[in-house]
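Data first, discussion second: the structure below is written as structure tokens.
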Amino acid sequence: MIRTQVAIIGAGPSGLLLSQLLHRNGIDSVVLERRSRDYVEGRIRAGLLERGTVELLEAAGVGERLNREGLVHDGVELAFSGRIHRVDLKALCGHAMTVYGQTEITKDLGDARVAAGGTVLYEVDDVTVNGIDSARPRIAFSSLGIRDEVECDFVVGCDGFHGVTRRSVPAATITTHERVYPFAWLGVLADVPPVADELIYANHSRGFALCSMRSRTRSRYYLQCTPADRVEDWSDERFWDELRSRLPEAHAIRMQTGPSIEKSIAPLRSFVAEPMRFGRLFLVGDAAHIVPPTGAKGLNLAAADVRVLYQGLIEFYRGRGDRLLDEYSSRALARVWKATRFSWWFTTLMHRFSDEPFAHKLQLAELEYLAESPAASRAFAENYVGLDFT
Ligand code: APR
Ligand code: PHB
293 MIRTQVAIIG AGPSGLLLSQ LLHRNGIDSV VLERRSRDYV EGRIRAGLLE RGTVELLEAA
353 GVGERLNREG LVHDGVELAF SGRIHRVDLK ALCGHAMTVY GQTEITKDLG DARVAAGGTV
413 LYEVDDVTVN GIDSARPRIA FSSLGIRDEV ECDFVVGCDG FHGVTRRSVP AATITTHERV
473 YPFAWLGVLA DVPPVADELI YANHSRGFAL CSMRSRTRSR YYLQCTPADR VEDWSDERFW
533 DELRSRLPEA HAIRMQTGPS IEKSIAPLRS FVAEPMRFGR LFLVGDAAHI VPPTGAKGLN
593 LAAADVRVLY QGLIEFYRGR GDRLLDEYSS RALARVWKAT RFSWWFTTLM HRFSDEPFAH
653 KLQLAELEYL AESPAASRAF AENYVGLDFT
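Heads up, the sequence shown is in our numbering, so the first residue is 293 and it goes up one at a time.
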């Protein structure tokens, strides 16, 4: 039997960040993760951070490499009808974005937990959550075939969309909302210099394309594809040809290509579970909500949940009551729904949904309006860099 204050299920960015922030504030936690450390740190995910996420990573003590290697982007490009509109994020709302891979964040947090002597148990099976309505919940799990238990004050579900914690609560107490989009993203990672200094989101009649990066020598590119597409259908050559065809000429002719080092297809979905607290169980990050990747809000929302929860736990353990913990669900959900709206809107604006010209004409009209109207550009910029914390 292991005793701790906070039991965290899942060692993705949410779980590790929460554990590390709690540790720096004198609160003990144990993290239980189904996969191996290598697996968790090898997953390729998005890599675009709002300033609030950067601040939280700094507060967790993992800002050093991020600030050294992260690329600061003051603007972003929207490409449509063969033209490019640059949204000057810094000029419009005073903030920039930081490009730093989620893979690197997970490594930095994993190293920080080890350096601090934290308990992260990898490769555990059959996690079951009990007693969330009591003052001492218990988590049963198996490690190397041996059954064990963690007894704690609070349980935090950081176990992603397919995790066990959301499914542990009685169905009658939880409401879920879901929208599945009729397309997917094909992502390619390649060691070639990025086509431009900033990100390019392209609306094209053949479908959406995104040019992102991980460093000055490593590019991350995406193409809208169908959910039925398989990675084997997409040779590197087909990918580069298709990407070129969806970019404005100025970028297409400059783009450097090379062998892919990773290629994957991800479906797009919006999903929200409410509330995000059930007795002594709190849901955080992908365990409670999923956004489509357009705008890269997933990790940033997870970090925003962690921000509210760790402050509530500090208040509780410092004997200042549970007001913040009681507000966790409503405060987190207020931000979740705004990011759900923005990522749904940005997805809808940029992707090809059907052959219907009317829908494409409306997208182009909205993009033109965005390019002409400082008010519309500012509304975009405010959401893209991340809304202020209230
Ligand atoms: N028991 C233990 N661990 C589990 C279980 C389980 N039953 N089910 C899932 N997990 C682990 C997964 O293996 C994974 O490592 O929980 C972790 C969840 O991590 P993520 O899916 O990365 O979710 P989260 O930490 O909330 O990260 C936020 O932001 O950019 C987005 O989707 C992207 O992962 C990203 C997310
Ligand atoms: C990425 O770099 O992987 C990325 C960037 C921006 C997005 C989505 C993904 O909107």
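Ideal Cβ positions, reconstructed from N, Cα and C, are used throughout, including at glycine.
**Prompt:** Would V487 pass as a contact of M389 if the rule is Cβ separation under 8 Å?
**Reply:** No; because the gap between Cβ atoms is not below 8 Å, this pair is not in contact.
**Asked** Can you tell which of H387, V421, D403 has its C-alpha closest to the C-alpha of R357?
**Response** That would be D403, whose Cα lies nearest to the Cα of R357.
**Prompt:** Thinking C-alpha only, which one of G367, F563, V354 is nearest R405?
**Reply:** Comparing alpha-carbon positions, the option among G367, F563, V354 lying closest to R405 turns out to be V354.
**Asked** Since D418 contacts V298 with CB under 8 Å, what's their CB separation in whole angstroms?
**Response** The distance from the Cβ of D418 to that of V298 is about 21 Å, inconsistent with a contact at the 8 Å cut-off.
**Request:** Check whether the stretch 602-620 touches the stretch 327-342, counting contact only when three or more Cβ pairs, one atom from each stretch, lie closer than 8 Å.
**Result:** With the rule of 3 Cβ pairs closer than 8 Å, the stretch 602-620 does not count as touching the stretch 327-342.
**Proximal residues to G499 (C-beta, below 6 Å), its chain only, five neighbours per side dropped** = Counting only Cβ-Cβ distances below 6 Å, and skipping sequence neighbours, we find Q516, R644.
**Prompt:** With 16 other CB atoms within 10 Å as the buried threshold, where does T509 fall?
**Reply:** Answer is exposed; the Cβ neighbour count stays below 16.
**Request:** Rounded to whole angstroms, what's the CA-CA distance from L641 to Q655? Just pull it up for me.
**Result:** Roughly 5 Å between the two C-alpha positions.
**Request:** Answer yes or no: the CB of T390 versus the heavy atoms of the ligand PHB, is any distance below 7 Å?
**Result:** T390: no, Cβ never under 7 Å from the ligand PHB.
**Request:** Output the residue ranges of the beta strand (DSSP E) runs that lie fully inside the stretch 551-638 and measure 3 residues or longer, sorted by chain position.
**Result:** Fully enclosed beta strand (DSSP E) runs of 3 or longer: 552-566, 573-575.
**Request:** Could you tell me the boundaries of the beta strand (DSSP E) in which D440 lies?
**Result:** Membership of D440 in the beta strand (DSSP E) is indicated by the continuous run 438-443.
**Request:** Go ahead and pull the three-state DSSP assignment for G374.
**Result:** DSSP places G374 in coil when its eight states are reduced to three.
**Prompt:** Is A594 closer than 8 Å to S306 when the C-beta atoms are compared?
**Reply:** When the beta-carbon positions are compared, S306 and A594 come within less than 8 Å of each other.
**For C503, the first and last residue of its enclosing beta strand (DSSP E)** = Annotation for C503: the continuous beta strand (DSSP E) segment containing it runs 501-505.
**Asked** Just to check, is the beta-carbon of P584 closer than 7 Å to a non-hydrogen atom of the ligand APR?
**Response** No.
**Prompt:** Which residue comes first and which comes last in the alpha helix (DSSP H) that contains S460?
**Reply:** Counting along the chain, the alpha helix (DSSP H) containing S460 begins and ends at 457-460.
**Prompt:** On the premise that R458 lies in contact with L575, defined as a C-beta separation below 8 Å, what is that separation, rounded to the nearest angstrom?
**Reply:** Right, the Cβ-Cβ distance comes to about 6 Å (below 8 Å), so this counts as a contact.
**Message:** Between the alpha carbons of V364 and A668, how many angstroms are there, rounded?
**Reply:** Taking the straight line joining both Cα atoms gives about 23 Å.
**Asked** With contact counted as at least three CB pairs below 8 Å, one residue from each stretch, are the stretch 532-539 and the stretch 435-442 in contact?
**Response** Taking one beta carbon from each stretch, the stretch 532-539 and the stretch 435-442 have fewer than 3 pairs nearer than 8 Å; the two do not touch.
**Residues near P567 by beta carbon distance below 6 Å, same chain, minus five either side** = Closer than 6 Å at Cβ, skipping near neighbours: S621.
**Item:** Start-to-end residues for the beta strand (DSSP E) that takes in S435
**Value:** From DSSP, the beta strand (DSSP E) with S435 extends over 430-435.
**Cβ-heavy atom distance, L502 to the ligand APR, below 7 Å** = No, Cβ of L502 sits at least 7 Å from all heavy atoms of the ligand APR.
**Request:** Could you pull the start and end residues of the beta strand (DSSP E) that P474 belongs to?
**Result:** Boundaries of the beta strand (DSSP E) harbouring P474: 467-482, taken from the DSSP string.
**Prompt:** Taking the C-alpha atoms as reference points, what is the distance between Y383 and A520?
**Reply:** First, the amino acid is wrong: residue 383 is Ala here, not Tyr. One C-alpha to the other measures close to 41 Å.
**Message:** Going by DSSP in three states, G452 sits in which element: helix, strand or coil?
**Reply:** Here G452 sits in coil by DSSP.
**Item:** Touching by the beta-carbon criterion (3+ pairs, under 8 Å), the stretch 312-330 and the stretch 366-382
**Value:** The stretch 366-382 and the stretch 312-330 do not touch, with fewer than three beta-carbon pairs separated by less than 8 Å.
**Asked** Do you know whose CA, among N495, C450, T398, F433, lies nearest M293's CA?
**Response** Out of N495, C450, T398, F433, F433 has the C-alpha closest to the C-alpha of M293.
**Message:** Closer than 8 Å is the cut-off here; do at least three beta carbon pairs connect the stretch 551-565 with the stretch 408-415?
**Reply:** Output reads no: the stretch 408-415 does not touch the stretch 551-565.
**Message:** Please list the terminal residues of the continuous beta strand (DSSP E) segment that includes Y513.
**Reply:** Run containing Y513: 511-517, per the beta strand (DSSP E) assignment.
**Prompt:** Taking DSSP as the reference, what is the three-state secondary structure of S426?
**Reply:** Shown here, S426 sits in coil according to DSSP, grouped into three states, outside any helix or strand.
**Backbone secondary structure at H496 - three-state DSSP** = Residue state, collapsed to three classes: coil.
**Asked** Thinking C-alpha only, which one of E396, V628, S556, F531 is nearest G678?
**Response** Comparing Cα-Cα distances from G678 to each of E396, V628, S556, F531, the minimum goes to V628.
**Request:** Indicate, with yes or no, if the ligand PHB has a heavy atom lying under 7 Å from the CB of L491.
**Result:** L491 has its Cβ nearer than 7 Å to a heavy atom of the ligand PHB.
**Prompt:** Less than 8 Å separating the beta-carbons of D578 and G587?
**Reply:** No, the Cβ-Cβ distance between D578 and G587 is not below 8 Å.
**Asked** Helix, strand or coil: how does DSSP classify V487 here?
**Response** Coil.
**Message:** Report the CB separation of L340 from N495 in whole angstroms; it is logged as a contact under 8 Å.
**Reply:** Taking C-beta atoms under 8 Å as the contact rule, L340 and N495 fail to qualify, at a distance of about 19 Å.
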